[in-house]
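Accompanying notes for the structure given below.
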Amino acid sequence: MKKLINDPERVVQEELEGIALAHPDLVKVHFNPNYIVRADAPIKGKVGIISGGGSGHEPMHGGFVGLGMLDAACPGAVFTSPTPDQMLEATKAVSGGAGVLHIVKNYTGDVMNFEMAADLAKAEGIEVESVVIDDDVAVKDSLYTAGRRGVGSTVLAEKLCGAAAEEGRSLKEVADVCRKVKDWGRSMGMALTSCAVPHVGKPTFDLPEDEMEIGIGIHGEPGRKRMKIKPADEIVEMLMEPIISDIPYKEGDEVILFVNGMGGTPLIELYIVYRKAYEIATKHGLKVVRNLIGPYITSLEMAGTSITMLKVDEDMIKLWDAPVKTAGLRWGI
Amino acid sequence: MKKLINDPERVVQEELEGIALAHPDLVKVHFNPNYIVRADAPIKGKVGIISGGGSGHEPMHGGFVGLGMLDAACPGAVFTSPTPDQMLEATKAVSGGAGVLHIVKNYTGDVMNFEMAADLAKAEGIEVESVVIDDDVAVKDSLYTAGRRGVGSTVLAEKLCGAAAEEGRSLKEVADVCRKVKDWGRSMGMALTSCAVPHVGKPTFDLPEDEMEIGIGIHGEPGRKRMKIKPADEIVEMLMEPIISDIPYKEGDEVILFVNGMGGTPLIELYIVYRKAYEIATKHGLKVVRNLIGPYITSLEMAGTSITMLKVDEDMIKLWDAPVKTAGLRWGI
Amino acid sequence: MSISRDAILEWIKAYAAVIEENKTYLTDLDAAIGDADHGANMHRGFKAVLGKMSELADKDIGTILKTVGMTLLSTVGGAGGPLYATFFLQAGMKTAGKMELTPEDWYTALEAAVNGVKMRGKAELEDKTMIDALVPALNALNESIHDGASMTEALQRCAQAAKEGMEATIPLVARKGRASYLGERSAGHQDPGATSSYLLLKTAAEVLGKA
Amino acid sequence: MSISRDAILEWIKAYAAVIEENKTYLTDLDAAIGDADHGANMHRGFKAVLGKMSELADKDIGTILKTVGMTLLSTVGGAGGPLYATFFLQAGMKTAGKMELTPEDWYTALEAAVNGVKMRGKAELEDKTMIDALVPALNALNESIHDGASMTEALQRCAQAAKEGMEATIPLVARKGRASYLGERSAGHQDPGATSSYLLLKTAAEVLGKA
Ligand SMILES: Nc1ncnc2c1ncn2[C@@H]1O[C@H](COP(=O)(O)OP(=O)(O)O)[C@@H](O)[C@H]1O
Ligand SMILES: Nc1ncnc2c1ncn2[C@@H]1O[C@H](COP(=O)(O)OP(=O)(O)O)[C@@H](O)[C@H]1O
Ligand SMILES: [Mg+2]
Ligand SMILES: [Mg+2]
Ligand SMILES: [Mg+2]
Ligand SMILES: [Mg+2]
Chain X
7 MKKLINDPER VVQEELEGIA LAHPDLVKVH FNPNYIVRAD APIKGKVGII
57 SGGGSGHEPM HGGFVGLGML DAACPGAVFT SPTPDQMLEA TKAVSGGAGV
107 LHIVKNYTGD VMNFEMAADL AKAEGIEVES VVIDDDVAVK DSLYTAGRRG
157 VGSTVLAEKL CGAAAEEGRS LKEVADVCRK VKDWGRSMGM ALTSCAVPHV
207 GKPTFDLPED EMEIGIGIHG EPGRKRMKIK PADEIVEMLM EPIISDIPYK
257 EGDEVILFVN GMGGTPLIEL YIVYRKAYEI ATKHGLKVVR NLIGPYITSL
307 EMAGTSITML KVDEDMIKLW DAPVKTAGLR WGI
Chain U
7 MKKLINDPER VVQEELEGIA LAHPDLVKVH FNPNYIVRAD APIKGKVGII
57 SGGGSGHEPM HGGFVGLGML DAACPGAVFT SPTPDQMLEA TKAVSGGAGV
107 LHIVKNYTGD VMNFEMAADL AKAEGIEVES VVIDDDVAVK DSLYTAGRRG
157 VGSTVLAEKL CGAAAEEGRS LKEVADVCRK VKDWGRSMGM ALTSCAVPHV
207 GKPTFDLPED EMEIGIGIHG EPGRKRMKIK PADEIVEMLM EPIISDIPYK
257 EGDEVILFVN GMGGTPLIEL YIVYRKAYEI ATKHGLKVVR NLIGPYITSL
307 EMAGTSITML KVDEDMIKLW DAPVKTAGLR WGI
Chain V
19 MSISRDAILE WIKAYAAVIE ENKTYLTDLD AAIGDADHGA NMHRGFKAVL
69 GKMSELADKD IGTILKTVGM TLLSTVGGAG GPLYATFFLQ AGMKTAGKME
119 LTPEDWYTAL EAAVNGVKMR GKAELEDKTM IDALVPALNA LNESIHDGAS
169 MTEALQRCAQ AAKEGMEATI PLVARKGRAS YLGERSAGHQ DPGATSSYLL
219 LKTAAEVLGK A
Chain L
19 MSISRDAILE WIKAYAAVIE ENKTYLTDLD AAIGDADHGA NMHRGFKAVL
69 GKMSELADKD IGTILKTVGM TLLSTVGGAG GPLYATFFLQ AGMKTAGKME
119 LTPEDWYTAL EAAVNGVKMR GKAELEDKTM IDALVPALNA LNESIHDGAS
169 MTEALQRCAQ AAKEGMEATI PLVARKGRAS YLGERSAGHQ DPGATSSYLL
219 LKTAAEVLGK A
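Residue numbers (our numbering), protein chains in the order written: chain X, 7 to 339; chain U, 7 to 339; chain V, 19 to 229; chain L, 19 to 229.
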């Protein structure tokens, strides 16, 4: 699989160099350990918010660092969770005295590394709360397993928590917003093609020209099942049904509908997906009050989509509408 | 090639339905003839700006309709220029009495259709100026040919002209901004893979696993030459060299550097491209004062990139920084 | 022998069927040196034209041809759209009010049509466009009429010249239209627009020639 | 027979080479049920460990193992990173200050290491993780020592048990780690972490066993 890169081993390093050159007004890039931090961090008295994860999901998380969203992001190797030293340094860099929230996606590696980092940060006297996002209904939830993966809700959590922190809310209050997103957000994804990890050089899985994977993750993991490709409307039904039936959404509930591109799917197709997702949500009596459409949590060049639905209350809508100024998401400023 | 669509013949129709559902705050979608128009059009006393072209380049142009950018966009079938009736109706819909600017990309079809539309609009008493963008240095310029294609500069022209119109400048003044962009902007692109037009269903061209096309257009046209794939830095050199040597940029000139994704190339790679493009521009004594990085003028799911460099003066920088509120580009508001 | 109003309608319908049949062929030609849409564009246009047939049942030839032109104008798009629209609109002007055409009328109409395409697209011979099929075809028609050939034969010589013109586009390096962006790489491929133009005149020979 | 400080360094170096050799193999195993990075992760980590070798030349076994653990912690990432880091850090605690290890010392270190992995990852036997290689290996080592087996033999039985544990992961449905997302589809594939754990103990048998 062809890529615009120089050296598979230097992909993240060179990407970070590009980000540093591109957005000095928004962020500083720290190398060794690697993290991207708001240009004006730490902000005294503001809760710091950090997230992180493997690279390959851009713009998440580095593209979400800036006013009204993340204070820092820790990029790991492609599809590999970052390490505790990155998270510790980032936590220290954004600590303005009001504590730091770790937004963690539920993957064993991410959880363990963030846990160790939080312990180290606490040992250095920084108050840390961690919220683990686990919104992927493609994965069966169970006490005896690693639970569900964290996917699309993470983007929404970063936006809402960022706005809450910007408003001056306390660590507990910001973490409460995050827990609401964790509880009220559900996602499911699918792929038409695999992606290829740069150092592997070939697609992670092979998918014949007439097949697709349903219930895909964001790391090129195979999905829950493989089947013949279907028209977009049927695919959207297969994604929306498990989302809607997982949380007992009530008629009249207000939701943010987020149609995400996996990286290789053009926007024209995402609007076709949105059209049907909106119709299904509406038919269930849900009110789509806000939306987000585009490639925000990607899986390299994978073609496919994921849908996230987040039930929101008035406060969450206000936080959604608040100004945000990052490379990947921007409005109101 | 697999796509998230229902029916190849209904791709544009359903995309437009999705856009209508997604962005009622920003735009109205008119069907038959098809055009996307600012929700608050026409704006009395403001120059109207319309553009249009084949679909498949999203977010361009429909995603650029809104405050500070386009007043209307006319989407044709995929990769096929729209028809004069669409352009005429859109022109009428955005005409606020101060005249209408047509931003046209230099393709025979686009030029002829816009010409006929402008004639029809003039016959109805609307003042129309047309500027044809032709910035693609991959194509040899000559009086005896169709000339150069219009590519990346179009996005920048739409932003700058939109801001100028929003400021209340006259049709001539807004068209002058557009002509500056036409004169001072240059682009070149490349592809790692072909795209597939929905109703054709297979890739427009075949490109072996170890080859790339240099000097590609945005319609899946083959490029100027095919060669073995090279590291990103060398590719960027091959794109930047003809751009820089085409206009006699002077040392100290200020530029906007726009690294565009063709649709299937992940953001992580675009930053690797930006890193090198910035380095080359800087080595030539150019000052990169603003940038844009992402998939803004795409070619369906094609993997590849194009680089646009636009020399700017103080006024153009001011226009670039002015607020813009569209689905595809937003800041300052 | 003359060409009746009904024969003109037959010709348009037959060409719509030819386009339907050759849709993939035309698109494949366009994929090689253009953007893979010429077949789809023409097909979309002539499908819309077929939808107009009932309202044309009792109209004169000028109205028929102008309606075809207007329909193509608002449905085809691309380069082919305005060019074929102009072709039919110009032919329609010259045949306004007529219910049948003499060979001379047909020549006058075709001449106006071809001149319209030239004016609109500004292409010259050997630019590798539909002009390369249309101009030789027009000349052949002219000669045939001067030679006193039958209508059937004149239409056949016209179609034959279009065919040769179309084939002669293969070695050319395109200077107009999308194929021109390819430079030297455009050589070795047959021009899609010249092909659809040949098919139009070939259909004319088949349908109008037996009238 | 005891295990010297130098032998421990040899073991680490040899394992780094084994990882280099098996990088693609481990990644391929991970591609089938995970995210295609286990080989690259371990390779990145042990390359960094090799870079620390010179500064460890005169250190005690505890320092060596703790340094390996800290290096893995800050270079590997993913699930494998904290788990192998914990493995070596815990083993390093039990061997602090020691310049050589008796079989009992080795057992104590391995036991702490395996308990550390259990504590950190909360996986149980048959969850289809490295635990499935490590726990049987630890038990086999314990029995061998009780049986009065030679160091060489004990290490070999330990490695053999790890191998069987690794192979036993094939039919399992994963309940921990990334493979668990696959549900039933994870059955039929060998766990990559169990494989890298087996390779670690196999290398121990080869290097430490001849000490
Ligand atoms: N300037 C021109 N004059 C005459 N014919 C042209 C001109 N430009 C293009 N053509 C014809 O149009 C054909 C392409 O039509 P089509 O594919 O429908 O439009 P587009 O090139 O916009 O995709 C070419 O094969 C050529 O014959
Ligand atoms: N909770 C756990 N306890 C023990 N081992 C685990 C656990 N989760 C995952 N593993 C091991 O980690 C291996 C995967 O490591 P690696 O690929 O490096 O990390 P990641 O899964 O984050 O990509 C699995 O094969 C499994 O053996
Ligand atoms: Mg991983
Ligand atoms: Mg076209
Ligand atoms: Mg074409
Ligand atoms: Mg892995």
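In this text, a Cβ means the ideal position worked out from N, Cα and C, and glycines have one as well.
- Taking K208 (chain X) as the centre and dropping the five residues before and after it, the same chain places the C-beta of M7 and A202 closer than 8 Å to its C-beta, in chain order.
- In the three-state DSSP reduction, T311 (chain U) falls in the strand class (E or B).
- Exclusion of the five residues before and after G334 (chain X) leaves P65, G69 and F70 as the residues of its chain whose Cβ lies within less than 6 Å of its Cβ.
- The three-state secondary structure of I79 (chain V), taken from DSSP, is helix.
- Nearest neighbour of V157 (chain X) by Cα position, chosen from X:D91, X:H67, X:M93 and X:E275, turns out to be X:H67.
- Counting only runs that start and end inside the region 100-137 of chain U, the beta strand (DSSP E) elements of at least 3 residues fall at 106-111.
- Put simply, of V:M60, V:D48 and V:D123 the residue whose alpha carbon is nearest the alpha carbon of E39 (chain V) is V:M60.
- Taking CB atoms only, F85 (chain U) has a neighbour in chain V less than 9 Å away.
- DSSP, read as helix, strand or coil, puts C80 (chain X) in strand.
- In the structure shown, A197 (chain X) adopts extended strand secondary structure according to DSSP, grouped into three states.
- Below 8 Å, too few C-beta pairs join the region 249-260 of chain X and the region 209-228 of chain X to call them touching: fewer than three.
- Proximity of A333 (chain U) to chain X, defined by a Cβ-Cβ separation below 9 Å, is satisfied.
- Taking 9 Å as the cut-off, the beta carbon of D55 (chain L) is found closer than this to the beta carbon of V84 (chain X).
- Around the beta carbon of F106 (chain L), a 10 Å sphere encloses 16 or more other beta carbons of the protein chains shown; the residue is thus reported as buried.
- The beta carbons of I42 (chain X) and I25 (chain X) sit about 7 Å from each other, so the pair counts as a contact at 8 Å.
- At least one CB atom of chain U sits nearer than 9 Å to the CB of P100 (chain V).
- Looking only at L:P121, L:L128, L:M88 and L:D48, the smallest Cα-Cα distance to T86 (chain X) is reached by L:D48.
- Note on the region 252-337 of chain X: whole beta strand (DSSP E) runs with a minimum of 3 residues are 260-267, 293-300 and 310-317, in chain order.
- I55 (chain X): member of the beta strand (DSSP E) spanning G54 to S61, first to last residue.
- Rounded to whole angstroms, the gap between the alpha carbons of N112 (chain X) and T45 (chain V) is 48 Å.
- Taking a C-beta cut-off of 7 Å against chain X, the contacting residues of the region 304-332 of chain U are T304, L306, E307, A309 and T311, listed in chain order.
- Distances between the C-beta of S101 (chain U) and the heavy atoms of ligand 4 are all 8 Å or more.
- Taking a cut-off of 8 Å for Cβ pairs, the region 97-104 of chain V and the region 304-322 of chain U do not touch, as fewer than three such pairs fall below it.
- For E219 (chain U), the pairing in a beta bridge is given by DSSP as U:A197 and U:R232.
- Relative to ligand 2, N266 (chain X) has its C-beta separated by 8 Å or more from all heavy atoms.
- Distance between A97 (chain L) and S148 (chain X), taken at the CA atoms: about 19 Å.
- Here L143 (chain V) carries a coil assignment [DSSP, helix/strand/coil].
- Residues of chain L with a Cβ closer than 9 Å to the Cβ of M93 (chain X) do not exist, since the nearest Cβ in that chain sits about 10 Å away.
- Closest in alpha carbon position to I163 (chain V), among V:K194, V:K140 and V:T126, is V:T126.
- The closest CA to that of A163 (chain U), considering only U:I339, U:V318 and U:I132, is found on U:V318.
- Spatial neighbours of K194 (chain L) in its own chain (CB-CB distance under 6 Å, excluding positions within 5 residues in sequence) are listed in chain order as A141, D145 and T147.
- Residue-level contact check: V94 (chain L) touches chain X, since one or more beta carbons of chain X fall below 9 Å from its beta carbon.
- Taking 9 Å as the cut-off, the Cβ atoms of M218 (chain X) and R230 (chain X) do not count as close.
- A distance of 9 Å or more separates the beta carbons of L200 (chain L) and A212 (chain L).
- For I224 (chain X), there is no enclosing alpha helix (DSSP H), as DSSP marks it with neither H nor E.
- Look at S198 (chain V): its C-beta is under 9 Å from a C-beta on chain U.
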